[in-house]
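2 protein chains.
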Amino acid sequence: MSRLNNYNEWYLDIVEKAQLSDKRYPIKGMNVWMPYGWKIMTFIDRYIREKLDATNHCEVSFPLLIPETEFKKEKDHIKGFDSEVYWVTHAGLDELDVKLVIRPTSETAMYPIFSLWIRSHQDLPLKIYQIVNTFRYETKQTRPFIRMREIHFFESHTCHDTEKDAQKQIEEDLEIVKDIANKLCIPYCLLKRTDWDKFPGAYYTVGIDTVMPNHKVLQIGSVHHYRTNFSEPYNIMYEDENGEHKYVHQTTYGMSERLLGVVISVHGDDKGLCLPPLIAPFEVVIIPIFGKNNKKEISEATVKIKNELEMANIRTKLDNRNDRPGSKYYDWEIKGVPLRLELGARDIDNNVVTFVRRDNGERGTINASSLIPEIKSILADITRSMNDKAWKFHNDAIFDLKTTSDIPKDEEDSKLMVYRFGWCGCPECGHKFEDDNNIKILGTPYFSESYDGECIICGKKTKTSAYAARTM
Amino acid sequence: MSRLNNYNEWYLDIVEKAQLSDKRYPIKGMNVWMPYGWKIMTFIDRYIREKLDATNHCEVSFPLLIPETEFKKEKDHIKGFDSEVYWVTHAGLDELDVKLVIRPTSETAMYPIFSLWIRSHQDLPLKIYQIVNTFRYETKQTRPFIRMREIHFFESHTCHDTEKDAQKQIEEDLEIVKDIANKLCIPYCLLKRTDWDKFPGAYYTVGIDTVMPNHKVLQIGSVHHYRTNFSEPYNIMYEDENGEHKYVHQTTYGMSERLLGVVISVHGDDKGLCLPPLIAPFEVVIIPIFGKNNKKEISEATVKIKNELEMANIRTKLDNRNDRPGSKYYDWEIKGVPLRLELGARDIDNNVVTFVRRDNGERGTINASSLIPEIKSILADITRSMNDKAWKFHNDAIFDLKTTSDIPKDEEDSKLMVYRFGWCGCPECGHKFEDDNNIKILGTPYFSESYDGECIICGKKTKTSAYAARTM
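Residue numbers (our numbering), protein chains in the order written: chain A, 1 to 472; chain B, 473 to 944.
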């Protein structure tokens, strides 16, 4: 199955072959996380936890269910989610007096409680997060990790005394985004969404977008500035140093299991997964190459290497199944283990270990006496190379558009790109661009890029570029 | 508030003061996990994960929602849960064709998938677990961590080729129970439940029971042997070595956030929580005792100690708030930090650090040059002492009952105990005992205890003892 020529089928095939999730669960869009897939996800979660803890966010856990009465307090928000939430109407043999929503996101669960937790400026900033599952009744075609009805994600929520402090939070969030993306070797654009595409209830939204192998764009996360749009209806106020009562300014930041969907899509190849070392359940797999009469010697040597690697905190699998080496290579290539070590008679004679990199297929030998530092250095280089390769693809996919006639009309056109072009910023030109070309404006760069040109619709001079693409 | 005289109010007071959970969430029985409470729970989860991984269980994550059609396949099971599940009937603006149950436990979510995963005897044993929240529409009075409608728990599910292998699994589970209980310093009885009290659908159930300060008993977990009671309706079969198709034998094991409820109840005192070191967010708190003109010196010394402890992987809080030491003691006693270190001018002069144990109030000094080994030894001794003290209370609460007239009739009677007595084992005597005395038979010891006496009801000679108590 070819990733570039037939991405959609390739993706489903890899998810199944690498045993990441099982889509045969009897509810569409709700899959079973299998052990290997779940392990990768928990490594992603662990890193997110580390980053959020290090920036003084506290982990909490809010209830899954939200009373309809709380859910409906912020008008734009409920309008945005009305058609995609699950409703609990009965419990046991009773019909509930107040219907309950299964969380599609937790603003409306958290903010009534924030209004109790926050009293004075000394309680600010409040910075919390949770890692939970969220539920959206998707009507579009579902796809593992990318478009699900039960979604594993994290959401951080913060409250600040001033808009300026909230703004600083957005910048801290974007630093975390960059760091996570770097560790997962995922390229991204940070784009301020158009006003008609921002999160329901937000003042503004920054989308974190990445280009998939089919040149469509996937949002892998978002950061929102709410100003006081939620604190007003939910009455989240603090007393400032002068005794005045003011509404808090709020932000949120979230990323989901789509991170895994992107890791699969961006790094995988026709042999299977290719995992960034940080989140690989095994960073290294050791395959013994038995000859005649040396099984005991080779076995012992591989066990010794495995122990040495584990002592150095390198996650290692020794595959001593009774099977041909080639068949083992095949299995671990599907699973995307970053580095394979092979050990045969000749390696032992030469006091080396043979290695093969998953990311570029490079094969070489490591001196047995400097195993640990060399492996660590190769793993670091794998992360670097995976980043370089992924960013090259991402950047190559972005096309500087001078005229809309360069956009292919056929959605399946293999020449489809991500388009960068001048935009005066007015909604009329934006809507016209989207409608005429059946393509979505993703937004304008959050960190301004130098641009000097004309609005692609009205021709007015502009210093603002916009990005547009078909989306997953 | 006194724990022993007024346990119920003391408990709610501590949960609030130690900031473990917030019960003001607008759905009864669904509370907000606050940062400190959630941190303790994640430490409990982490240890459970470690034990289950070490016994070759794989972590997975199954969907929250279960179609009514799957849910109803095992008749006793649905009967047991009929009156306590939440029903999702609508999604977006649509009424669902098949109603969905929010998991009250995951047998009916997992077993249709197990029937796809298991083909041959080589796929067995299958041992998986997940750590998720489960939902039961409790009609009894709710209580934080002890009786909730959204319950944080783990459930492990296993499939085996023979009943004997399933039986071995039960014994492995009970070893894990003992280990976890030991680390949390929780005493327990392992009791095989009566036939009329076993888990819906089980062949037999072992309850893990502990005695609370009010002498009522709380089930903190359970282990179930299902035989083929679920594999038959869910058609989970394997092909044995002779090509014959057979049903798998299944077991499950689960424990919940009640573990935290018991830790609070069993170890707490009138000053607040007392946490076993394994799950304390901070094992050690350092309080600087400033004198005149030595603030800088003391500050620097406490920072140095904190760094030294953290290098040794001892979770440490340095409380350098601008406040009186006594007020800091008070705060950290409420939060149950196992060991407090104080550092003042005299300590520095004598090259020692003063320590105060939370569990028994013991105060002493540690030589600054052997800080790490001495602190590790004190923390280990705290775990030992907490176990001893808790087991003494537990054992003292068990009363060898010779005649039912020794059972106080009034539920609030402070002389209420856990009763051990002879039982012939027949359901008639069992029901009569329960009905006449308004008390529940918890079961018979899973690991047989030597007993020689008469059935307390019919007087027949018996070698079996039973336990009975009022339950939380």
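All C-beta atoms, glycine included, are put in the ideal place defined by N, C-alpha and C.
- Sixteen is the threshold: since fewer than 16 other Cβ atoms of the shown chains lie within 10 Å of the Cβ of LYS636(B), the residue is exposed.
- With its beta carbon less than 9 Å from one in chain A, TRP510(B) belongs to the interface.
- By the C-beta criterion, the stretch 430-442 of chain A is judged not to be in contact with the stretch 360-380 of chain A, since fewer than 3 inter-stretch pairs fall below 8 Å.
- C-alpha of ASP860(B) to C-alpha of ILE758(B): approximately 27 Å in a straight line.
- Looking at the backbone, the Cα of ASP485(B) and that of TYR508(B) are separated by about 15 Å.
- Counting the other Cβ atoms within 10 Å of the Cβ of ARG324(A) gives fewer than 16, which makes it exposed.
- Contact check for PRO685(B) and LEU476(B): beta-carbon distance about 6 Å, within the 8 Å limit, so the pair qualifies.
- The bridge partners DSSP lists for HIS624(B) are ASN605(B).
- If you keep only unbroken beta strand (DSSP E) runs of at least 3 residues inside the stretch 314-375 of chain A, you get 316-318, 339-343, 352-357, 363-367.
- The beta carbon of ASP485(B) does not come within 9 Å of any beta carbon belonging to chain A, so the residue lies off that interface.
- Close to chain A, meaning a Cβ-Cβ distance shorter than 8 Å, are the following residues of the stretch 607-624 of chain B: PHE607, TYR609, THR611, GLU622, HIS624.
- Going by C-alpha positions, ILE372(A) is about 38 Å away from GLN219(A).
- When PRO672(B), ARG665(B), THR724(B), LYS688(B) are compared, the shortest CA-CA separation from GLY679(B) is found for ARG665(B).
- In this structure, the alpha-carbon of GLY201(A) lies about 7 Å from that of PHE230(A).
- For the options PRO760(B), LYS599(B), ALA840(B), the alpha carbon positioned closest to that of VAL532(B) is the one of LYS599(B).
- The DSSP-derived three-state label of HIS121(A) is helix.
- Take HIS121(A), set aside five residues on each side of it, and the residues of its chain with a beta-carbon closer than 8 Å to its own are ASP161, TYR238, GLU239, ASP240, GLU241, in chain order.
- In this structure PHE893(B) is buried. Its beta-carbon is surrounded by 16 or more other beta-carbon atoms within 10 angstroms.
- Annotation: LEU484(B) is outside any beta strand (DSSP E); the continuous alpha helix (DSSP H) that includes it extends over 479-489.
- Among the CB atoms of chain A, none fall inside 9 Å of the CB of ARG591(B).
- Counting along the chain, THR69(A) sits inside the alpha helix (DSSP H) bounded by residues 68-71.
- For CYS530(B), the nearest beta carbon of chain A is closer than 9 Å to its own beta carbon.
- Take the alpha-carbon of GLU374(A) and the one of ALA380(A): they are about 10 Å apart.
- Membership of THR471(A) in any beta strand (DSSP E) is not indicated, and neither H nor E is assigned to it by DSSP.
- Any Cβ of chain B closer than 9 Å to the Cβ of ALA91(A) would place that residue at the interface, and such an atom is present.
- Among the residues of the stretch 324-340 of chain A, none has a Cβ less than 9 Å away from any Cβ of chain B.
- Per the Cβ contact rule, the stretch 736-750 of chain B is in contact with the stretch 803-813 of chain B (3 or more Cβ pairs under 8 Å).
- With respect to MET417(A), ALA397(A) sits close: the two C-beta atoms are nearer than 9 Å.
- The C-alpha of TYR137(A) is placed about 19 Å away from the C-alpha of THR471(A).
- By a beta-carbon distance limit of 8 Å, PRO187(A) contacts THR210(A). Their separation comes to about 6 Å.
- Counting the other CB atoms within 10 Å of its CB gives TYR11(A) a total of 16 or more, which places it among the buried residues.
- With a threshold of 9 Å between beta carbons, ALA490(B) makes no contact with chain A.
- Beta-bridge analysis with DSSP links VAL678(B) to LYS664(B), VAL695(B).
- Contact check for TYR583(B) against VAL573(B) fails: the beta carbons are separated by 9 Å or more.
- Secondary structure note for ILE287(A): its beta strand (DSSP E) is the uninterrupted segment 284-288.
- Boundaries for GLN641(B): no beta strand (DSSP E) harbours it, while the alpha helix (DSSP H) harbouring it runs 635-656, taken from the DSSP string.
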